[in-house]
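Residue numbers (full-length UniProt numbering): 1 to 108. Working notes, beginning with the structure itself.
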């Protein structure tokens, strides 16, 4: 991103420790963040295992009011019911392995 407003981006790392103003700005940016306008946004990208979606709701403060992640593993695991229907229990293991799930992200 190219932004000229120094309140929205941290100072460059090579000039952070050059003067006190840059150091204070860097500290305030990292510890307090910045205020975003009130509203909501949904953004999705294509990740290696499927679509990754992020939904953020802002109330105008420095922290998000709500953050919801739509991870690919969670959506892919929804298909296991249809994949296992009419098959054997041993087939469920193969069907689950074919989805290559990351169980750390499926509860988001």
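We put the beta carbon where it would ideally sit given N, CA and C, even for glycine. All values derive from a computational prediction rather than experimental measurement.
Asked, Found
"Only counting runs of 3 or more residues, tell me where the beta strand (DSSP E) segments fall wholly within the segment 6-56, in order along the chain.", "39-47"
"Closer than 7 Å by C-beta to residue 46: which residues in its own chain qualify, once you throw out the five before and the five after it? Chain order, please.", "none"
"On the criterion of 16 or more Cβ atoms from any shown chain inside 10 Å, does residue 48 qualify as buried, or is it exposed?", "exposed"
"Do residue 61 and residue 53 count as a contact pair if the criterion is CB distance below 9 Å?", "no"
"Counting only runs of 4+ residues fully inside the segment 73-98, write out the alpha helix (DSSP H) ranges in chain order.", "80-84"
"Using a Cβ-Cβ cutoff of less than 8 Å, which residues in the same chain neighbour residue 38 once the five nearest sequence positions on both sides are dropped?", "58, 59, 60"
"Specify the secondary structure class of residue 68 as computed by DSSP and reduced to three states.", "strand"
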